[in-house]
Structure formats: structure tokens, C-alpha cells
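Engineer:
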Amino acid sequence: MSNYADEINKRRTFAIISHPDAGKTTLTEKFLLYGGAINLAGSVKGKATARHAVSDWMEIEKERGISVTSSVLQFEYGGFCINILDTPGHQDFSEDTYRTLMAADSAVMVIDASKGVEAQTRKLFKVCVMRHIPIFTFINKMDRDANDTFELLDDIEKELGIATCPINWPIGSGKNFQGVYERETKCVITYSDTEKGTKEGHATRIPVSEEEALKAQIGEANMAQLMEEIELLDGASAPYDLGQIQAGDLTPVFFGSALTNFGVEIFLQHFLKMTTTPLARKADIGLIDPVEHDFSAFVFKIQANMNKAHRDRIAFMRICSGKFDVTEEVRHVQGGKVLRLSQPQQIMADERKILSEAYAGDIIGVFDPGIFSIGDTICMPKEEFAYEGIPTFAPEHFARVRQMDTMKRKQFVKGITQIAQEGAIQIFQEFNTGMEEIIVGVVGVLQFDVLKYRLENEYNVEIKLENLPYEHIRWIENKEIDLDKLTGTSDMKKIKDLKGNPLLLFVNPWSIGMTLDRNEGLVLSEFGRN
Ligand code: G4P
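Per my numbering, the very first residue in the sequence shown carries number 4; after that it's consecutive.
(1) Tell me which residue opens and which closes the alpha helix (DSSP H) that F128 is part of.
(2) What would DSSP say about V416, mapped onto helix, strand or coil?
(3) Using DSSP with H/G/I as helix, E/B as strand and the rest coil, what is Y456?
(4) Here's the rule: buried if 16 or more other CB atoms are within 10 angstroms of the residue's CB, otherwise exposed. What is L486?
(5) Measuring alpha carbon to alpha carbon, tell me which of P255, L235, L236 and D237 ends up nearest D244.
(6) Taking contact to mean 3 or more Cβ pairs, one atom from each stretch, closer than 8 Å, check whether the region 372-384 and the region 334-342 are in contact.
(7) Looking at the unbroken beta strand (DSSP E) that takes in Q181, where does it start and where does it end?
(8) Considering only the alpha carbon of each residue, which of E79, W478 and L489 lies closest to L275?
(9) As a quick exercise: from D297, R102 and K126, pick the residue whose alpha carbon is nearest that of Q306.
(10) Looking at the strands, I want to know which residues DSSP matches up with Y80.
(11) Which whole-angstrom value describes the C-beta separation of I393 and F298, a residue pair presumed to lie in contact below a C-beta threshold of 8 Å?
(12) Closer than 7 Å: is that where the CB of R147 sits relative to any heavy atom of the ligand G4P?
(13) Can you tell me whether E160 is helix, strand or coil according to DSSP?
(14) Taking C-alpha atoms, which residue in N179, L449 and S493 lies nearest to N511?
(15) State buried or exposed for F141, treating a residue as buried only when at least 16 other CB atoms are found within 10 Å of its CB.
(16) Between L271 and I428, what straight-line distance do the alpha-carbon atoms span, to the nearest angstrom?
(17) In three-state terms, what does DSSP make of N150?
(18) Would S212 be called buried (16 or more neighbouring beta carbons within 10 Å of its own) or exposed?
(19) Grab me the residues of S359's own chain with a C-beta within less than 7 Å of its C-beta, minus the 5 sequence neighbours each way, in chain order.
(20) For a test of your reading of the model: does the CB of G26 fall under 7 Å from any non-hydrogen atom of the ligand HEM? Yes or no.
(21) If you draw a straight line from the alpha carbon of F180 to that of Q77, how long is it in whole angstroms?
(22) Which residue or residues does DSSP assign as beta-bridge partners of W172?
(23) So, L30 versus N143, is the Cβ gap smaller than 8 Å?
(24) Buried or exposed: where does L43 fall if 16 or more other Cβ atoms within 10 Å of its Cβ makes it buried?
(25) Quick one: what's V445 bridged to in DSSP?
(26) Quick one: give me the first and last residue of the beta strand (DSSP E) that K385 is part of.
(27) Which residues mark the beginning and the end of the alpha helix (DSSP H) in which Y37 is found?
(28) Quick one: what's P210 bridged to in DSSP?
(29) Would A224 be called buried (16 or more neighbouring beta carbons within 10 Å of its own) or exposed?
(30) Could you give the DSSP three-state label for G177: helix, strand or coil?
(31) Grouping DSSP H, G and I as helix and E and B as strand, with all else coil, what is R1?
(32) Suppose you measure from the CA of G45 to the CA of A110; what does that come to, to the nearest Å?
(33) Can you give the Cα-Cα distance for G373 and I233, rounded to whole angstroms?
(34) Could you spell out where the alpha helix (DSSP H) holding N12 opens and where it closes?
(35) Along the chain, where does the beta strand (DSSP E) that runs through E360 open and close?
(36) On a CA-only basis, which of H400, R125 and G175 is nearest L449? Give me that one, please.
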């Protein structure tokens with residue numbers, strides 16, 4: 004075993020997901036209270052501190068008061084080195100969130116106790132399920148009036164299709180929030196909002212067997228209700244099963260209040276017991292073991308203009324195996340080159356910390372002179388393999404791009420190609436032409452604005468976007484199909500992606516069905532791969 008196995012085994016890398024306003028930022032801030040934050044990459048976007056990463060297009064973010072950036076935080080707690088991947092809150096940037104999830108080994112889902120499962124959570128959740136990573140649920144805002152606890156669990160099971168296993172159970176909510184009952188130890192941990200903003204530790208633990216003491220603390224009515232609910236719960240909920248949790252089939256559920264700092268450390272302690280060390284990842288040569296294998300990583304996010312003064316692009320990589328050593332050369336598999344990663348760093352909000360080493364489980368940002376694409380693999384020069392690509396999600400809005408000044412053709416092609424490499428947009432061409440006709444597809448319409456803004460500000464190219472009526476895109480899976488003979492509906496459009504793969508655009512699902520009916524053997528897929 005390598006001499007840095009301990010470093011890898013103490014790493015825990017998770018993504019934190021939620022519908023906007025459920026309390027993701029607040030919870031993250033509280034996590035940091037417990038650990039010595041060793042690296043704050045990006046910033047915790049507390050509204051009070053409102054520190055934003057500086058970038059051109061984030062002007063849009065500021066103007067509209069939304070967050071579109073993601074960040075990475077690293078902190079130490081209880082002998083573990085924890086990496087939190089924060090995800091952008093705005094739904095129009097959900098594709099970035101999907102990719103961030105690909106870089107995590109588990110996900111923490113924050114749910115607002117008065118709202119239950121919301122639209123954004125549902126979408127993100129699907130990606131976690133696809134990857135079979137463990138999902139931990141933190142039901143937040145118990146200090147406010149909450150939905151019935153059984154209903155909340157029911158909601159998760161029905162909406163998300165995952166069994167739930169409450170690790171603790173709330174006693175009351177809102178003004179009557181008394182704390183939680185911990186099922187494993189059969190103790191009540193009492194709540195007091197005077198601890199707001201401080202570390203926990205002075206919460207009282209009372210075993211439920213000590214009836215009098217408990218009654219005195221939480222009151223008779225709360226106690227009676229708790230006893231009834233415990234009984235119901237033990238009969239109704241799925242049993243605790245670590246194997247199922249780690250396979251992503253069962254979600255452990257915790258209750259608390261991030262704002263008043265209750266239940267956060269309890270969550271953290273249980274979470275660390277249940278979550279896994281960095282997972283092995285699938286590559287074209289088989290599974291790559293994080294400890295046994297030498298350094299390897301894949302690119303999951305590219306962000307332009309992290310810093311206006313630098314006008315640069317940063318490629319974010321998840322280290323999947325081994326130790327990264329800045330002095331060693333590495334192979335960029337898709338680029339076919341051996342190189343030294345330039346300025347490997349942990350990205351801060353206003354500053355960057357240059358790293359000399361990092362380990363499997365960590366995320367590093369490297370300077371990207373325009374060579375990396377999402378999904379690319381980096382490994383040691385003696386090797387050559389590729390990690391499984393990251394699925395691209397089907398854009399739902401399409402527009403034809405018209406360039407206003409045809410003299411600036413070169414800048415235009417460069418700009419739009421680079422922005423597409425970053426994964427903010429997808430670009431397509433008419434089936435029988437070249438780059439002169441460009442169709443752009445986005446997951447959220449805000450990305451059209453970002454595209455226009457960035458082309459103007461960074462590449463000095465003015466464009467006009469002409470909306471197209473298509474809403475559905477399908478990749479053609481069976482390459483042997485003769486596209487000229489393909490018979491679709493009158494509203495179907497044939498296009499190709501930059502790699503020349505054929506695709507079809509449809510206005511409505513009905514046309515997809517008709518086209519499948521009319522062309523025997525045609526196989527269409529909703530996902531492309533980077
Ligand atoms: P997000 O990152 O998921 O979008 O949510 P964020 O943490 O920014 O929280 C959204 C709002 O919910 C904030 O209030 C925050 O203070 C509040 N909040 C978070 N956790 C709790 C909780 O456990 N209990 C209660 N009662 N509120 C909580 P805001 O008014 O939008 O912002 P602020 O002015 O308080 O910063």
C-alpha cells in the first residue's frame with residue numbers, strides 16, 4: 004500500500020444540494036464552525052457577507068441577485084479531511100450542479116421542513132440516483148413550524164423513490180421545538196436557541212428511560228406524542244442498513260436547524276460514520292482504485308473569468324486516485340499530451356492558494372489555456388486511459404445564432420467554441436453545413452443572456468439570437484442509420500454536434516414517437532456524453 008493511503012482514507016467528499024433557500028449556505032457555514040476550515044475555495048455565499056467571486060459574467064449574477072457559481076470548501080473535523088462541493092442555486096445552472104455531483108462520493112440533501120421536496124431537489128436527486136451514491140437528508144428549519152414528520156418522510160419516499168431511515172426524530176417544531184430523539188442511543192437531545200451561532204456541545208442528553216427528567220424538560224404532552232411516534236416509527240420505517248445507505252437505496256434522515264445551530268454536529272458525526280472513503284471510479288480499463296493506483300483525475304467543471312484581472316479559465320479536477328505532486332508531469336489523455344499542470348490551486352474568493360500536493364478525493368483547479376474539456380482524464384505519463392464521460396443533459400431551449408459583424412468570424416468561432424467547452428451551452432450545426440450556421444442549446448434560458456454578454460464583453464462579438472421552437476433533443480444511438488433516408492415529422496430538424504454526431508430536434512414528444520414509429524430500428528437517447 005502506498006505511504007499516503009492514510010491521507011486518502013481520511014478524505015470525505017460530498018456535494019450539498021437543495022432547492023434555493025432551504026438553507027444550504029447556512030448549513031455549510033455551520034459545518035465550518037466545527038472544523039478548522041483549511042481551504043475556502045470560492046466563498047460561502049452568506050447573504051450577510053455577500054462575497055462574490057469576481058468575474059465578468061457574474062455581473063449578471065449580481066444584477067439579478069442569484070448565485071450561479073459553485074465553490075469547494077475543505078475542512079478538518081475529527082481526524083477527517085472533508086471536501087464540500089457547493090452547487091449553484093439557480094435552476095438555470097443546474098447542468099453545472101449535475102457535473103459537480105459527478106465529482107462527489109455522496110450527497111447531502113437539505114430540505115426545508117415547511118416545504119418538503121421541491122422542484123430543484125427532485126431534479127438533482129435523479130443524478131444522485133443514477134450514480135448510486137449515498138444520499139443523506141437534513142431536514143432544516145425545525146425552529147419554524149414544520150410539516151408533519153411522517154408526511155415529510157412520505158414525501159421523500161414518494162417524490163424521490165428512496166426509502167428513508169430517520170436517525171433522529173424531532174420533538175415539536177417552531178416555538179414548540181424541543182430537540183430530537185436519537186434512535187440509536189434512545190436519548191433526547193434538547194434544543195435551546197440560545198446557542199445560536201456557537202458550537203454545540205452543551206445540549207443536554209436525557210435517556211427516554213428517565214421519564215421524570217424528560218417530562219420536566221419537554222413537557223407531558225410532547226413526551227406522550229414522542230412515545231407514540233417512536234412506536235409508530237419503529238413499526239413503519241425501513242431498518243437501518245449501512246449497505247443500503249452506501250448503495251444509495253436508503254437515505255438516513257436528520258432533523259435540525261442550521262440557523263440556530265441545532266443538529267448540525269449530530270449530523271456531521273453520524274454522516275462521517277456512514278459515508279465512504281473516496282470511491283473507485285470506472286474507466287475504460289476497469290475500476291481505478293483510489294489508493295492502489297497512481298495519480299489520476301478528471302475535469303468536471305471549467306470556469307472562465309474567475310478573476311477579471313487574469314482573464315483566465317480554470318479547469319476543476321476531481322482527483323480520483325493517488326497523490327498529485329506538482330513537480331511531476333502528467334498525461335492529458337484527450338489532448339494527447341504530457342504536460343505539467345499549470346498553477347494547481349485551491350480557488351479562493353479573492354485569492355488563490357497554490358498547492359504542491361493533493362490526494363484522491365480532493366478537488367484542484369488548474370490554469371487552463373483552452374485545452375481542457377469537461378470529462379477529460381489526466382493520469383501519469385506511463386499510462387493512458389479514460390474515465391467514463393460525464394453525461395450532458397438535454398438542452399430544452401434552442402436558438403439560431405446570428406453574428407452581426409461577419410468580419411469577426413474568427414473571434415466568434417473561438418468564443419462560442421470555448422464557451423461550449425466550458426459546458427455552459429451546447430452548440431450544434433445544421434446537418435449539411437459547417438460553422439456558418441450555429442444553433443445553440445441551453446438547459447436554462449438565462450444561459451442565452453450569459454452567452455450574449457460574454458461574447459460581447461470577452462470576445463468583442465455582437466450576436467443576435469433567434470429563438471427556435473424546439474424543446475426536445477435526441478441523440479441517434481445507432482450510427483449505422485442512414486440519415487438521408489430517415490423519415491420524421493415536418494417539424495423535425497436534423498442537426499449535428501461538434502463531433503459530427505447526428506441529432507434530432509423536435510417540437511413536441513408526439514413527433515418523437517412518430518419518428519420512432521416511422522423508422523424501424525431507430526434508437527434515440529436523451530443523453531449525450533462529453
Ligand atoms: P440556500 O443556500 O439553500 O439558498 O439557503 P440559505 O442558507 O441562504 O438560507 C435561506 C434563508 O433561510 C436565509 O434567510 C437563512 O437565514 C434562512 N435559514 C437557513 N436555515 C434556517 C433555519 O434552520 N431556520 C430558520 N428559521 N431559517 C433558516 P434570509 O432571510 O433569506 O437571509 P438572511 O438575511 O437571514 O441571511
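Cβ coordinates follow ideal geometry from the N, Cα and C atoms, glycine included.
These numbers come from a predicted model, not from an experiment.
Structural biologist: Short version:
(1) As a working mapping, residue 128 is identified with position 125 in the sequence shown. First-last of the alpha helix (DSSP H) with F128: A122 to R134.
(2) For this step, residue 416 is matched to residue 413 along the sequence shown. V416 falls in the helix class under three-state DSSP.
(3) The residue given as residue 456 occupies position 453 in the sequence shown. For Y456, the three-state secondary structure derived from DSSP is helix.
(4) Here the question's residue 486 lines up with position 483 in the sequence shown. Exposed is the call here.
(5) The residue given as residue 244 occupies position 241 in the sequence shown. Among P255, L235, L236 and D237, the Cα nearest to that of D244 is on P255.
(6) yes
(7) Counting from one through the sequence shown, the residue named residue 181 turns up at place 178. From DSSP, Q181 is part of no beta strand (DSSP E); its letter is neither H nor E.
(8) What you label residue 275 is simply residue 272 of the sequence shown in a count that begins at 1. Minimum Cα distance to L275 is reached at E79.
(9) Numbered from 1 along the sequence shown, position 303 holds the residue referred to as residue 306. Minimum Cα distance to Q306 is reached at R102.
(10) Along the sequence shown, read from residue 1 onward, the residue named residue 80 stands at position 77. The partner list for Y80 (beta bridge, DSSP) reads F83.
(11) On the sequence shown, residue 393 is found 390 positions in, with the first residue counted as 1. On the sequence shown, residue 298 is found 295 positions in, with the first residue counted as 1. In fact, because the Cβ distance is near 20 Å, the residues do not count as touching under 8 Å.
(12) Taking the sequence shown and counting its residues from 1, the one referred to as residue 147 is at position 144. Yes, the Cβ of R147 comes within 7 Å of a heavy atom of the ligand G4P.
(13) Position 157 of the sequence shown, counting from 1, holds the residue named residue 160. Helix.
(14) Along the sequence shown, one-based indexing puts residue 511 at 508. Comparing alpha carbon positions, the residue from N179, L449 and S493 closest to N511 is S493.
(15) Here residue 141 is taken as the residue at index 138 of the sequence shown, counted from 1. By the 10 Å Cβ count, F141 comes out buried.
(16) Position 268 of the sequence shown, counted from the first residue, corresponds to residue 271. Position 425 of the sequence shown, counted from the first residue, corresponds to residue 428. Going from the Cα of L271 to the Cα of I428 covers about 36 Å.
(17) By 1-based counting over the sequence shown, the position of residue 150 is 147. If DSSP states are grouped into helix, strand and coil, N150 belongs with coil.
(18) The count along the sequence shown starts at 1 and reaches residue 212 at position 209. Its Cβ having fewer than 16 others within 10 Å, S212 is exposed.
(19) To locate residue 359, count along the sequence shown from 1; it is residue 356. The residues are V329.
(20) Absent from the structure shown: the ligand HEM. Ligands present: the ligand G4P.
(21) One-based indexing of the sequence shown puts residue 180 at position 177. One-based indexing of the sequence shown puts residue 77 at position 74. The alpha-carbon atoms of F180 and Q77 are separated by roughly 32 Å.
(22) Walking along the sequence shown from the start, residue 172 turns up at place 169. Answer by DSSP bridge pairing, in chain order: Y184.
(23) Taking the sequence shown and counting its residues from 1, one reaches residue 30 at position 27. Taking the sequence shown and counting its residues from 1, one reaches residue 143 at position 140. Yes, Cβ-Cβ distance for L30 and N143 is below 8 Å.
(24) For the purposes of this step, residue 43 is identified with residue 40 of the sequence shown, where counting begins at 1. The predicted position of L43 is uncertain, since its pLDDT is 48 and thus under 50; no value can be drawn from it.
(25) Reading the sequence shown from its first residue, position 442 is the one you call residue 445. According to DSSP, which records beta bridges pairwise, V445 is partnered with H400.
(26) Numbered from 1 along the sequence shown, position 382 holds the residue referred to as residue 385. Premise fails: K385 is in no beta strand (DSSP E) and is neither H nor E.
(27) Along the sequence shown, one-based indexing puts residue 37 at 34. Counting along the chain, the alpha helix (DSSP H) containing Y37 begins and ends at K27 to Y37.
(28) Counting from one through the sequence shown, the residue named residue 210 turns up at place 207. According to DSSP, which records beta bridges pairwise, P210 is partnered with C190.
(29) For the purposes of this step, residue 224 is identified with residue 221 of the sequence shown, where counting begins at 1. Exposed, because fewer than 16 other Cβ atoms sit within 10 Å of the Cβ of A224.
(30) In the sequence shown, residue 177 corresponds to position 174, counting from 1. Here G177 sits in helix by DSSP.
(31) Lying before the first or after the last residue shown, residue 1 is absent from the chain, which here runs from 4 to 533.
(32) The residue given as residue 45 occupies position 42 in the sequence shown. The residue given as residue 110 occupies position 107 in the sequence shown. In this prediction, G45 has a pLDDT of 41, which is less than 50 and means its spatial position is unreliable; what the coordinates show is noted afterwards. About 19 Å.
(33) What you label residue 373 is simply residue 370 of the sequence shown in a count that begins at 1. What you label residue 233 is simply residue 230 of the sequence shown in a count that begins at 1. Using only the alpha carbons, I get a separation of about 57 Å.
(34) Counting from one through the sequence shown, the residue named residue 12 turns up at place 9. First-last of the alpha helix (DSSP H) with N12: A8 to N12.
(35) Residue mapping note: residue 360 aligns to position 357 of the sequence shown, counting from 1. Where E360 is concerned, the enclosing beta strand (DSSP E) stretches over E360 to Y362.
(36) Residue numbering aside, residue 449 sits at position 446 when the sequence shown is read from its first letter. The shortest Cα separation from L449 among H400, R125 and G175 belongs to H400.
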